[in-house]
Every structure is written in C-alpha cells, then in structure tokens.
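Engineer:
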Amino acid sequence: MFGKFFQKPDTDLDDRVPPGQYLAQGFPILTYGATPQIDRNTWKLEVSGLAKPATFSWEDLMKLPQTEFTADFHCVTRWSKLDVKWRGIKMTDFVAQLEIDPTAQYVLMHCYGGYTTNLSVEDFVREENFLAFELFGEPLPADHGGPMRVVVPHLYAWKSAKWISGFEFLETEELGFWERNGYHRRGEPWAEERYSNFFG
Ligand SMILES: Nc1nc2c(c(=O)[nH]1)N[C@H]1C(S)=C(S)[C@@H](COP(=O)(O)O)O[C@H]1N2
Ligand SMILES: [Mo]
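With numbering that gives the first Met the number 0, letter number 38 in the sequence shown gets 37, and the count goes up by one each step, no holes.
1) Starting from Glu57, follow the beta strand (DSSP E) in both directions and report where the run begins and ends.
2) Quick check on DSSP: helix, strand or coil for Ala160?
3) Could you compute how far the alpha carbon of Lys158 sits from the alpha carbon of Gln96?
4) Between the region 170–180 and the region 111–118, are three or more C-beta pairs nearer than 8 Å?
5) Say the cut is 8 Å; is the CB of His153 nearer than that to a heavy atom of ligand 1?
6) Determine, using beta-carbon pairs with one atom in the region 67–74 and one in the region 139–156, whether at least three such pairs fall under 8 Å.
7) Assuming Val120 and Ala103 are in contact, meaning their beta carbons sit under 8 Å apart, how far apart are those beta carbons, in whole angstroms?
8) Between the region 28–37 and the region 51–67, are three or more C-beta pairs nearer than 8 Å?
9) Under 8 Å by Cβ, that's how I've got Cys110 and Ala160 pegged, so tell me the actual separation to the nearest angstrom.
10) As a quick check of your reading: which residues have a C-beta less than 6 Å from at least one non-hydrogen atom of ligand 2, in chain order?
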C-alpha cells in the first residue's frame, strides 16, 4: 500500500525533501473534521488582539497585489508535495494594511470550522508566506482550504491554515489545535520539529 502512494525521493531531490519525508502522488487532502463550505461573498478575515481591530471582505483582499508562486509542501505525516502552484496575496502586503502593536510577538490563526494554529510574528511575516486563493490555476477547492487559506512554506503544512477566518495577535504564545495535541510549537521540517516532548 505504502509503496503505491509514496515514493522515495531521487537523490537529486535530496536538497528539496526534508529528512523522513516521502514524495506524495497527487496532492493529498488532510483535514481534521468536516470541510466547511464558505462562500466568497460571506467570507471575511478578522484581525484581533494586539492590533487595531479590522475586518476584511473578499473584495478588500482582491484590491491588494496578487502573485503566482510555487512552493513545496511538507506534511508532518511524512508526505511532501513539491512545486505546488498557487496564486495569492503576500502576507507582507496584507500585514502592511494592519496596525500591529509592537508588543505583539505571536499570532494565533483562526479558521472556519474551529481549527487554530500558532506562529511567532517572525514566522508569520515572511516574504514567502501567502494568503492563497488559487491552486494550479483553478479557484482553491474547498477541500484544500478554499476560498482562502494561508501558505507558510518554511514550516510543516499544519501551519498552513485552511479556511482562514482570523489573525489574533498576542504577547505570549498560545498553542493551536495540533500544537496542544502534541505537535511541535514551531514545526520546522529540516530540523524535524514534528512533536513536542512534554518535558521541555
Ligand atoms: N482549517 C484547517 N487547516 C488545516 C488543517 C485542518 O485540518 N483544518 N490541516 C492542516 C494539515 S495537518 C495539513 S498537512 C494541511 C493539508 O492541506 P491540504 O489538505 O490542502 O493538503 O492543511 C493544514 N491546515
Ligand atoms: Mo499535516
């Protein structure tokens, strides 16, 4: 079974595939719970906590510059998908719209459906992070987080929140769903930060 769906990376891809990861065939879907069905017209993104409160509609987001980008995607359950093609809005361009309090050190991302995941502000505001709404030239399918998801290529994919609904800025770290259930607080794939050990 395993061999049918995953392949060991070629040696020339070694520098693209983090340790302990295998290449996936296709693009697997990994969701905890049901897939929320959210319409673009009712979708909104709320900024709360240590930032000026703000709500963005789909229209508001579409006024920001859009870019196509390619990124590798690494799930902690050991599949990786290279060269995923997305279209979206750079997180740095989005964040430029906000008034974030200088005391904010962490972000808790909230999703339709109740999923959460945490990041440091430093990991959140990076050039390669996006709010994505197209996948391989098509509107982002609901299963993959449509209408709008976050993509954070430098961390394990559980940080790439699907059906994004809010960013909460915090002074002290608050753990998200998987992080409370034993996943690493940061999740850097090249360091294999998969799970936390509960003693430190
Ligand atoms: N809202 C939400 N976002 C989520 C998840 C989820 O269950 N709910 N799963 C995470 C995990 S574990 C992974 S590997 C990726 C999977 O994204 P995909 O289903 O588009 O492959 O989404 C992440 N974002
Ligand atoms: Mo995952």
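Even glycine gets a Cβ: it sits at the ideal position worked out from N, Cα and C.
Note that the structure is predicted; figures quoted are calculated from it, not measured.
Structural biologist: The short version:
1) Note that residue 57 corresponds to Trp in the displayed sequence, not to Glu. Careful: Trp57 lies outside any beta strand (DSSP E), inside the alpha helix (DSSP H) at Trp57 to Met61.
2) For Ala160, the secondary structure class from DSSP, reduced to helix, strand or coil, is coil.
3) Whole-angstrom Cα-Cα distance: 22 Å.
4) Because the criterion of three Cβ pairs below 8 Å is met, the region 170–180 and the region 111–118 touch.
5) His153: no, Cβ never under 8 Å from ligand 1.
6) Touching, yes, given that three or more Cβ pairs across the two stretches are closer than 8 Å.
7) Between Ala103 and Val120 the Cβ distance is about 6 Å, and since that is below 8 Å, they are a contact.
8) Flag = no, the region 28–37 and the region 51–67 do not touch.
9) The beta carbons of Cys110 and Ala160 sit about 5 Å from each other, so the pair counts as a contact at 8 Å.
10) My final list is Leu29, Cys74, Val75, Thr76, Ala156 and Trp157.
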